[in-house]
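Colleague: Sending over a structure as structure tokens; questions will come in a sec.
Protein chains: 2
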Amino acid sequence: MTATPPTRPGLRDVARLAGVSHQTVSRVFKNHPMVSPKTRDRVLAAAAQLDFRPNAAARALATGRSSTLGVVSFDTALHGPASIIAAIERHAREAGFFTGVAGLESAGRDTVAGAVERFRDQGVDGLIMIPGHVPPEEAVRHLPGDLPTVLLGPPAAVPTVEADHYRAPGEATRYLLGLGHRTVHHLPGPADWSEATERTRGWRDALVAAGAEVPDCAPGDWSARSGYERGRRLAADPDVTAVFAANDQIALGLLWAIHESGRRVPEDVSVIGFDDIPEAAFLTPPLTTVRQDFAALGRHCVELLLAWLADPGGAPPGRAGVVPSELVIRRSTGPA
Amino acid sequence: MTATPPTRPGLRDVARLAGVSHQTVSRVFKNHPMVSPKTRDRVLAAAAQLDFRPNAAARALATGRSSTLGVVSFDTALHGPASIIAAIERHAREAGFFTGVAGLESAGRDTVAGAVERFRDQGVDGLIMIPGHVPPEEAVRHLPGDLPTVLLGPPAAVPTVEADHYRAPGEATRYLLGLGHRTVHHLPGPADWSEATERTRGWRDALVAAGAEVPDCAPGDWSARSGYERGRRLAADPDVTAVFAANDQIALGLLWAIHESGRRVPEDVSVIGFDDIPEAAFLTPPLTTVRQDFAALGRHCVELLLAWLADPGGAPPGRAGVVPSELVIRRSTGPA
DNA sequence: CATGCTTGTGTGACCGGTAACAGTGTGGCT
DNA sequence: AGCCACACTGTTACCGGTCACACAAGCATG
């Protein structure tokens, strides 16, 4: 009739019940090979009976490893980052790692450094940085040298995973040119995001290579609002017949601006976006866009980082190959 | 010329340098009041000199608290959950807590139970559940009694934070009725999400109260695709002049289905969505919708949980008040 | 001047695992 | 039989903090 003690059972409790030493129990839970099957079964039975669960903090203290990954990202509520983080979390989980996320609102270097510091204090084993508008070199500068870190972005001083932000915009531009448009206008993303500038570069280079005029483009951010506001000026200009937007939100705002101005998509103006958000296929009209494989990006980050962690002595891995992006043709594009 | 030892400095190292005991150093870092300012300064100086950082694992082991919160959620890449999680993370961080996220893909109870188990093993101090399509009672059933948990959803056996999914749909429905529509059709969310069924109930009750006919509605999910597919049937029916969609993605698909069928929004059909995603104001046309305050929801979850954690002995807090949702009128609605 | 309380500090054990090393028993080999 | 290698298991210290408690000094009080 003794009440269950309020404290959770430990290694020693299991050992006592199974009639072995605590070390043997530890071995069983570490999957150490040098345990006889018979003993292992006895230990597991005892552990199950007591509902024993190893204490993560104690293990972390003893081993110096926490089985925790940190993710530093901006605007975690946006579709891109959110999808990547979801993929990271899933793969980390499957590999037995926990994931901590730090979402940063403002871009200041203090916040990056602060988030990294917090993760260090927490004792994460590795870090994945999704730097957003912090220039990658800048983000890297705040990294402690002793914490394995993978950067989602262009090649840098640490291992990186990179999405294709250059080739696909070129392809999109050439596609529009091939449809007979004299040139292609562009609505870029924020000038301080490398993703944005790469997309712009891909667009510009394709135009130059084709001998087409390179129109000016107005600066803005990733939002639909920005697409709408800049889009109104584009829509008012009868010379504009094709536009490549730096992401789908911008394209979406542009679509409305064009519609509002009385012109039609794709009859009067063709529009291409970037990302292929799930809604893109059901916009008015369904948006031709460049699909990014967010899940693959997240997965590669985790794989790279875990490979590094598995061999801490070894040289840090280089960079994974560029994850390709793919042009998806729908109904927002047509002949000039 | 001695090389810095590769091991990180500990409490004892700081103590030695400052000429005090390790316990005094511990007190300084716990902000224990019983330390003289002079000693405190000496300790802090020594700590700064060694770049000492307290080891989280050791602290967690000794105190039994990890300063970590767990969030269990479905479809973390969707705008709603992602926004809530971002808010949770921000507020937890400001209160000195880390946040771990488990994103679940499939709805099985095993995955809920599994995620909870993982968080227990990790030693989180508390849990926030965003159950999605798991019926709240079902989700609660898998919760260990000894882990403080807050549920985002309708009142249940644990403290809850609830968004308004009932009143605002009624308001939206009455608004459309007031515009002269004979009745309002509805595109519900998944039947197994309580958010969806509550919205449907709000719509239905408003219709009944107004003496309007209650049309059948086709089951579906939260996606734009589902809105489009179901929307085509609605668009083909000339009796349909007003539709309340269970979220903005559904509304977005519906918008395209209506446009494709040659009818116009809002001249021929009025559409109202739910959530007020950032893109809603720039759809074609800008969507009248119900705004949910995701940030407030996340914040309330954290506040409730932290209050509980601060007083573990005390009775668990009840539920926070219902966070209101607000009808935002744009251009997708008009007179019949 | 002894007594008591308050404030500040030090001592040792302890949290629950893991690492290193030291046994013990069994079998094969000469 | 005697020896050794090998497989398995136990002993002890240790990770880096915190806790409970003992202790020293300073000051007011009787």
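Keeping their order, the protein sequence lines are chains B and Y. For any residue, its number in the working numbering is found by taking its place in the first sequence, counting from 1, and adding 139. For any residue, its number in the working numbering is found by taking its place in the second sequence, counting from 1, and adding 139. Backbone N, C-alpha and C fix where the C-beta goes; we use that ideal spot for every residue, glycine too. Owing to the predicted nature of the structure, the values given are computational and were not obtained by experimental measurement.
Would you please verify whether the beta carbon of B/Asp355 is less than 8 Å from any beta carbon of chain Y?
Modeller: No, B/Asp355 does not count as interfacial toward chain Y.
Colleague: Rounded to a whole number of angstroms, what is the C-alpha to C-alpha distance between B/Leu156 and B/Arg166?
Modeller: One C-alpha to the other measures close to 16 Å.
Colleague: What are the complete alpha helix (DSSP H) segments, minimum 4 residues, inside the stretch 331–386 of chain Y?
Modeller: Complete alpha helix (DSSP H) runs here, min 4: 333–348, 363–375.
Colleague: Can you check the stretch 387–447 of chain B for any beta strand (DSSP E) of at least 3 residues that lies completely inside it and give the ranges in chain order?
Modeller: Complete beta strand (DSSP E) runs here, min 3: 409–411, 428–430.
Colleague: Output the distance between the C-alpha atoms of Y/Ile227 and B/Leu183, rounded to the nearest integer angstrom.
Modeller: Going by the C-alpha atoms only, they are around 37 Å apart.
Colleague: Could you check which residue in Y/Ala396, Y/Leu373, Y/Pro329, Y/Gly309 has the C-alpha nearest to that of Y/Val429?
Modeller: Looking at the Cα atoms, Y/Gly309 is the closest of the given residues.
Colleague: Return the chain-ordered list of same chain residues with a C-beta closer than 8 Å to the C-beta of B/Ala221, the five sequence neighbours on each side being excluded.
Modeller: Once the five neighbours on either side are set aside, the close Cβ partners of B/Ala221 are Thr215.
Colleague: Alpha carbon to alpha carbon, how far is Y/Trp342 from Y/Ala330?
Modeller: Answer to the nearest angstrom: the Cα atoms are 15 Å apart.
Colleague: Near Y/Leu393, what residues of its chain come up, given a Cβ to Cβ distance below 8 Å and the 5 sequence neighbours on each side ignored?
Modeller: Counting only Cβ-Cβ distances below 8 Å, and skipping sequence neighbours, we find Leu326, Gly366, Tyr367, Arg369, Gly370, Leu373, Ala374, Val382, Ala384, Val410.
Colleague: In chain B, which residues lie less than 9 Å from Y/Val240 when you measure between Cβ atoms?
Modeller: Ordered by position in chain B, the residues that pass the 9 Å Cβ test against Y/Val240 are Ile224, Ala225, Glu228, Thr238, Gly239, Val240.
Colleague: Are the C-beta atoms of B/Phe421 and some chain Y residue less than 8 Å apart?
Modeller: Yes, B/Phe421 lies at the interface with chain Y (some Cβ there is under 8 Å from its Cβ).
Colleague: Which of the three DSSP states is assigned to B/Thr143 in this structure?
Modeller: With a pLDDT of only 44 at B/Thr143, under the threshold of 50, the placement of this residue in the model should not be trusted; the figure read from the coordinates follows. If DSSP states are grouped into helix, strand and coil, B/Thr143 belongs with coil.
Colleague: Is Y/Glu301 helix, strand or coil by DSSP?
Modeller: Coil.
Colleague: Spell out the partners DSSP gives Y/His324 in its beta bridges.
Modeller: For Y/His324, which the question treats as bridged, DSSP gives the partners Y/Val382.
Colleague: So, for Y/Phe191: in the same chain, excluding its five sequence neighbours on each side, which residues have a beta-carbon less than 6 Å away from its beta-carbon?
Modeller: Excluding positions up to five away in sequence, the list reads Pro148, Val153.
Colleague: Verify whether the separation of the beta carbon atoms of Y/Leu315 and Y/Thr472 is less than 8 Å.
Modeller: Yes, these two residues count as a Cβ contact at 8 Å.
Colleague: Between B/Ser471 and chain Y, is there a C-beta pair that is closer than 8 Å?
Modeller: Output row for B/Ser471: interface = no.
Colleague: Expressed to the nearest angstrom, what Euclidean distance is found between the alpha-carbon atoms of Y/Val297 and Y/Leu290?
Modeller: Cα-Cα distance, rounded: 7 Å.
Colleague: The beta strand (DSSP E) spanning Y/Thr242 covers which residue range?
Modeller: The amino acid at residue 242 of chain Y is misidentified as Thr; the sequence shows Gly. Looking at the DSSP string, the run of the beta strand (DSSP E) that includes Y/Gly242 is 237–243.
Colleague: Name, going along the chain, the residues of the stretch 151–164 of chain B whose beta-carbon falls closer than 9 Å to a beta-carbon of chain Y.
Modeller: Listed by position along the chain: nothing, the set is empty.
Colleague: Judging by CA-CA distance, which residue of B/Phe236, B/Arg232, B/Arg280 is the nearest neighbour of B/Thr253?
Modeller: It is Gly, not Thr, that sits at residue 253 of chain B in the sequence shown. For B/Gly253, the nearest C-alpha among the options comes from B/Arg280.
Colleague: Using a Cβ cut-off of 8 Å (strictly closer), state whether B/His218 contacts chain Y.
Modeller: At least one chain Y Cβ lies under 8 Å of B/His218.
Colleague: Who are the near neighbours of Y/Met140 in its chain, counting only those whose CB is closer than 8 Å to its CB and skipping five residues on each side?
Modeller: Residue placement at Y/Met140 is flagged as unreliable, the pLDDT there being 41, under the threshold of 50; the coordinate-derived value follows with that caveat. None.
Colleague: How should Y/Ala295 be labelled, buried or exposed, when 16 other C-beta atoms within 10 angstroms of its C-beta is the threshold for buried?
Modeller: Answer is buried; the Cβ neighbour count reaches 16.
Colleague: CB-CB under 8 Å to B/Arg259, same chain, minus the five flanking residues each way: which ones, in chain order?
Modeller: Once the five neighbours on either side are set aside, the close Cβ partners of B/Arg259 are Pro283, Leu286.
Colleague: With a cut-off of 8 Å, does the C-beta of Y/Asn194 fall near any C-beta of chain B?
Modeller: Judged by the 8 Å Cβ criterion, Y/Asn194 is in contact with chain B.
Colleague: Taking only three categories from DSSP, how would you classify Y/Val467?
Modeller: DSSP places Y/Val467 in strand when its eight states are reduced to three.
Colleague: Check each residue of the stretch 350–376 of chain B: if its Cβ is closer than 8 Å to any Cβ of chain Y, include it; give the result in chain order.
Modeller: Of all residues in the stretch 350–376 of chain B, Ser362, Ala363, Arg364, Gly366, Tyr367 have a Cβ within less than 8 Å of some Cβ in chain Y.
Colleague: How would you list, in chain order, the residues of chain Y whose beta-carbon sits under 7 Å from the beta-carbon of B/Pro417?
Modeller: Result: Ser362, Ala363.
Colleague: Per DSSP, what kind of secondary structure is B/Ala168 in: helix, strand or coil?
Modeller: The sequence as given places Phe at residue 168 of chain B; Ala does not occur at that position. Helix at B/Phe168.
Colleague: Which residue comes first and which comes last in the alpha helix (DSSP H) that contains B/Val159?
Modeller: Looking at the DSSP string, B/Val159 is not in any alpha helix (DSSP H), and its letter there is neither H nor E.
Colleague: Hey, Y/Leu346 and Y/Val323 are a contact pair by Cβ (cut 8 Å); roughly how many whole angstroms apart?
Modeller: 6 Å between Cβ atoms; contact.
Colleague: So, does the CB of Y/Ala130 fall closer than 8 Å to a CB anywhere in chain B?
Modeller: As displayed, chain Y neither begins before 140 nor continues past 475, which places residue 130 of chain Y out of reach and without an answer.
Colleague: Can you grab the Cα-Cα spacing for the pair Y/Thr207 / B/Phe237, in whole Å?
Modeller: Cα to Cα, the separation comes out at about 12 Å.
Colleague: Residues of chain B with CB closer than 8 Å to the CB of Y/Asp260, please, in chain order.
Modeller: Residues of chain B passing the Cβ test: Arg192, Pro193, Ala195.
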